[in-house]
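Numbers 2 to 1137, taken from the working numbering, label the letters of the sequence shown in order. All residues carry an ideal CB built from backbone N, CA and C; glycine is no exception. Since this is a predicted model, take the numbers as computed values, not measurements. A quick write-up on the structure given underneath.
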Amino acid sequence: MAAPANNDEEFRSHTQQSPLASQRAKQQGSVPSGAPNGRGFTGWFPLGYKEGFSQWWAGLSPAETEHKVLSFVPYLQRPPTHTQTGSAPPSTSPSSMDISGNPADDAQPVTTNSVTDPYGPRRWQSNLVQLSGKERALNEFTVERVGEEVENNLVMLHGYGAGLGFFYKNYEGLSRTRGWKLYALDLMGMGRSSRPPFRIHAKDHNGKITEAENWFIDALEEWRIKKGIDRFTLLGHSLGGYMAVAYALKYPGHLNKLILASPVGIPEDPYAVQSDMPEPSDSTMANEFTQDQGNTIGGSNPSAVKQADNNNFLNARSNAPPRESGKPPRKPLPKWLTYLWDANISPFSFVRWSGPIGPRLVSGWTSRRFSHLPTEESQALHDYSYSLFRQRGSGEYALAYVLAPGAFARSPLIRRIQSVGRQYLGPHAGPLPDGDRPSSSGAGQQRRENGLPVVFMYGENDWMDIAGGFAAEQKMKEEKERILAGKTEEEKKKDNGSAKVLVILKAGHHLYLDGWEQFNEVMREEMADVQQRERRRLEDKVYTASFAFFEAIWEAGITHCFVNLGSDHPSIIEAIVKGQNEKQGNFPKIITCPNEMVALSMADGYARLTNKPQCVIVHVDVGTQGLGAAVHNASCGRAPVLIFAGLSPYTIEGEMRGSRTEYIHWIQDVPDQKQIVAQYCRYTGEIKTGKNVKQMVNRALNFAMSDPKGPVYLYGAREPMEEDLEPYKLDQAFWNPVEPPALAPKAVKTIADALVTAAEPLIITGYSGRNHAAVGELVKLADTVPGLRVLDTGGSDMCFPANHPAWLSLRFGVEESIKTADVIVVIDCDVPWINTQCHPKEGAKIYHIDTDPLKQQMPVFYINALARYRADSELALNQLHSYISSSPDLSKQVKSAESEQRRQVLQASYKKKLATIESLAKPGDDGSYGASYLISRVRKACPQDTIWAIESVTNTAFVADQIQATIPGSWINCGGGGLGWSGGGALGIKLASDHTGSKKFVCQIVGDGTYLFSVPGSVYWISQRYGIPILTIVLNNKGWNAPRKSLLLVHPHGEGSKVSNEELNISFAPTPDYAGIARAASGGAVWAKQAGTVEELERLLPEAVECVKGGTSAVLDAHLDGPQGKYPGDKAALVG
């Protein structure tokens, strides 16, 4: 077992097992004096003919040689390429990967553990990543830390003709950093990546350059997309650095740092960068093939090294001597080299053509390039290099299109480098040329990158001229100053642009290999800087799809979210906290609801009072099911409510942020979650990406707010809701609901004529009062048409005021006026009459005006209407009374003596009705009381403008008669048949009233069985938690009377008619402590009492009202028809 290395010095001691090769040769006196650095001719190509022939004959595959090189990575006892080795000579293969089938199919990750790896455990893996098209795949080597979340990614690109194995000294050191995953790639057409034919189709000079660059960087971008990496740090060496810059310019927005290690192609002209250039043999590309690296790393030039600058890195700006004006450029390269370069004959062509001599030719470079390494490592790198060089030519042919002879760029980066990190995001044609600026219109529509940190790294003895790095640094700084000119301090603070030049001591062009210890140290510092920047970015500018969702609902007018959160909501919770901290009140108020039905009922009540949509957030399928009857109520009651539910994550292995992390994610994954509620919703939609989340929200709200209004359902898994976005806004002017329709002129005339000429005209409505303005229009029509009466058969809203003589109160489809009317206009009504109990007379003219005249969500519905009109009730009523008043004939008719007589008859009938209602409000002789008396006393005790939340079921008609509501919006019933609405509904109504500033008193009147359905444990916890005081009157008649009524309507003389409620299983006697449930849920805060007699009612009711006015909810358990069989409260025993 290898001993743990505590520092890089100890790390080096494990890997360097012998003296440097060049030093060993000198010590043994075997270096001929005529060769470079003392060698003779054989020193140029030290590998003997015999050894060269043997190596050529063996034909080691790149997989084998890469495997050998990676075996020198500390703690990696067996590289993941162990299953990819083969023996077939690869030079005849179209791809270097084709050595024994597809080795990527067999490659398995190798994982070290804490026993063998003191910095682990780490996972090491080799893959061939297939891309689109023929023969396009990238060889990939990855290192990740096991058991840690990947927060950042480092992508490493090698130089010309090389491979990812050259970074073997860096993998272990760089992967020590927590939260990072390393990716090393072989460029397309190089290393062990596939080698498709390289062809250029462009004809013009710039087009050829661009096409050659795109050949590499398009493959990199496709790889990024396939791996699902959004942001990463890109390290490129030499040609890899050049391509890294090209990538940053073409594909902006994905890099968090760009590190260029001795990048090629920066200067405009190598002979003009500085006037006193060293001779080519000393500092140009020729040094790559002639310098002995043992001498290069042997020591620093004392005159060039300035210690302690830039945190122990050289500030090489002082190395560049002043330019001598007028000095001519240096002599050009030899004509033969220029000819071969322009003919696109690569150095590797000679290796392939030379056959058995190839290994010997390669040794001329490898013996110098790797002379500072231990013999075994140097030999492995030689074998690796030769195995790559002999592969079929592919990406190497791009070099002549990118670089001119002498290794300077045909399109120098110095002309483009200032635009790195400054590109406009979104669709564009590519990077902007130097000096070009987008049009003002385009600039106003596109977002721009706010800078990118760029690091230029050079070796102390690098043949790549460091002056190019300093020139690039200066140009980037000048561009930053130009961009930020006139910007605010806050904008300047958010800019991330920076550039710096660092020098690795005792290193040449391959600084990552020559000075690997310092290089790794520098890289770890840069990676730490990225971590800090990314954390600040996420903290300061976390903008996920979930946050955009909340922005969208706020911008659309939603002020409250009623939530029941679960394991599908991590990003929702993060967004809530961020919004509450940063939006300073411009964010929906979050109301926690321990029960989903209460949550939706609250949103329903809020929307019903204000006609403004509200939001409910629930948890996957189970939370959606928990909505229960409330979604039915919202649909029937036409309440505009947006429901959002999470979905179980759809990724399992951590592929995306939000992947499954808990057992329950498997259990709650259902085939089609939306179908639980789809039939009740106006719209359902899945959020599949965060990029259009605001559009999805507004589309859903278009449905919710367009007639017929109702609930909508959006759902999304954790992954898309976790997606990081750039902030954006929609113009809400383009997201309005459908405008309501009016009656056609012909319809107006037809209906108006019928009403005026009718002997007994009747309006039947059910929910026209949902629009408060429609109430006034209906009053004007009743004032205009003599003898017109108005019947409410829905009871869901105050549609017509009780102080008008045309008021017939509320009756559920059974009323004498329905049988006698000769003209009936049904307007916004679901059930105008119940045919088996009551229906219009033969010959009655019926007209139906409705936002939904076909009742599209009712499989069976029809009435014998002469005409049906889809129209808005407010508009239609205004059209009718305006037409009558403006028509000379009709206006004359409504003012006739006959019409006046009808008005008098109507007034007399109204007075008689009020007297009848009043006569019912009498207490019993035994001190008991019924519903009519109770409600009459409640009506008198509560403020005149009280809003009534009614769910009294079989007692509803009595309640309506006694309340006699006159103010639009002051009576709200659930509108559906799902019992339990009024608890949450009353809270939502009160919350809306307080939020809008009216601060009305709210009273809930509810049957005893319905009270239990309303989940009072949740209702009164919410009331106390958020300070929402309501008065609750429980109509305690010992159980459910509605089932008995239904039974008697079908079997009036059946067996059930002869037995008690107990025998029918609908009795609650002895009843629960209804008030005590509320008191317990509120932690004892709610006022809770029982009233069994008139005397108790008269004493306790004022107390309850005053308590609510003081800010605390009150529940009065009202014992209808006496206290027998009911919870006695603080009495000693049950009565009766």
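| Check | Outcome |
| --- | --- |
| Nearest-angstrom Cα distance between Ile-591 and Cys-975? | 23 Å |
| Measuring straight from C-alpha to C-alpha, what distance separates Tyr-1128 and Asp-1122? | 14 Å |
| Scan the segment 547 to 609 and note each continuous beta strand (DSSP E) run of 3 residues or more that stays entirely inside, going in chain order. | 561 to 564 and 590 to 593 |
| Helix, strand or coil for Gln-880, going by three-state DSSP, please let me know. | helix |
| Where does the unbroken alpha helix (DSSP H) through Glu-1099 begin, and where does it stop? | 1095 to 1110 |
| Inspect the beta-carbon positions of Leu-266 and Tyr-243 and report whether they are closer than 8 Å. | The question names Leu, yet the displayed sequence has Gly at residue 266. Yes, these two residues count as a Cβ contact at 8 Å. |
| With DSSP as the reference, label Trp-972 as helix, strand or coil. | strand |
| Three or more C-beta pairs closer than 8 Å, one from the segment 755 to 774 and one from the segment 717 to 735: is that the case here? | no |
| Rounding to the nearest angstrom, what Cα-Cα distance links Ile-415 and Trp-224 in this structure? | 27 Å |
| Quick one: residues in its chain with C-beta nearer than 7 Å to the C-beta of Pro-413, no 5 flanking neighbours on either side, listed in chain order? | Gly-266, Ile-267, Pro-268 and Glu-269 |
| Once you ignore the five residues that flank Lys-182 on each side, which residues in its own chain have a CB closer than 8 Å to its CB? | Thr-143, Val-144, Glu-145, Arg-146, Val-151, Asn-153, Asn-154 and Leu-155 |
| Which two residues bound the contiguous alpha helix (DSSP H) that contains Ala-775? | 773 to 785 |
| List in chain order: all unbroken alpha helix (DSSP H) runs of 4+ residues lying wholly within the segment 138 to 208. | 172 to 175 |
| Give the range of the beta strand (DSSP E) segment to which Asp-793 is assigned. | 790 to 793 |
| Do Glu-450 and Gly-254 count as a contact pair if the criterion is CB distance below 8 Å? | yes |
| How is the beta strand (DSSP E) around Asn-128 delimited, first residue to last? | 123 to 131 |
| Is DSSP giving Arg-658 helix, strand or coil here? | coil |
| Would you report the Cα separation of His-1120 and Ala-942, rounded to the nearest angstrom? | 18 Å |
| Can you list, in chain order, the residues of its chain whose CB lies under 8 Å from that of Asn-521, leaving out five sequence neighbours each side? | Asp-9, Lys-170, Asn-171, Gly-174 and Leu-175 |
| For Lys-1090, which residues does DSSP report across the bridge? | Leu-1117 |
| Leaving out five residues on either side along the sequence, give the residues of the same chain with a beta carbon under 6 Å from the beta carbon of Arg-353. | Arg-391 |
| If I follow the unbroken alpha helix (DSSP H) through Phe-471, where does it start and stop? | 467 to 485 |
| Looking at C-alpha atoms only, which residue of Ser-1114, Asn-703 and Gly-1057 is the closest neighbour of Gly-1084? | Ser-1114 |
| For Glu-919, report the span of its alpha helix (DSSP H) as first-last. | 898 to 921 |
| In or out: His-1054 buried (at least 16 other Cβ within 10 Å) or exposed? | exposed |
| Just reading off the beta strand (DSSP E) that Phe-457 is part of, what are its end residues? | 454 to 460 |
| Provide the residue(s) that pair with Gly-509 in DSSP beta bridges, ordered along the chain. | DSSP, once it has assigned bridges, lists no residue as partnering Gly-509. |
| Using 8 Å for Cβ pairs, my map puts Ala-822 next to His-805. What's the rounded Cβ distance? | The pair is not a contact, with the Cβ atoms about 18 Å apart (cut-off 8 Å). |
| Just checking my contact of Trp-834 with Ile-819 at CB under 8 Å: how many whole Å lie between their CB atoms? | 5 Å |
| Would you check if the segment 567 to 577 and the segment 527 to 541 touch, i.e. whether three or more CB-CB distances between them fall below 8 Å? | no |
| Using the beta-carbon count (16 or more within 10 Å), is Ala-646 buried or exposed? | buried |
| Output the boundary residues of the beta strand (DSSP E) element that contains Ile-415. | Ile-415 -> no beta strand (DSSP E), and no H or E assigned at all. |
| Evaluate Val-861 with the Cβ neighbour count: other Cβ atoms within 10 Å of its Cβ, from every protein chain shown; 16 or more gives buried, anything less gives exposed. | exposed |
| Using 10 angstroms around the beta-carbon of Asp-962, count the other beta-carbons present and answer buried if the total reaches 16, otherwise exposed. | buried |
| Grouping DSSP H, G and I as helix and E and B as strand, with all else coil, what is Arg-871? | strand |
| What residue range is occupied by the uninterrupted beta strand (DSSP E) comprising Pro-762? | 762 to 766 |
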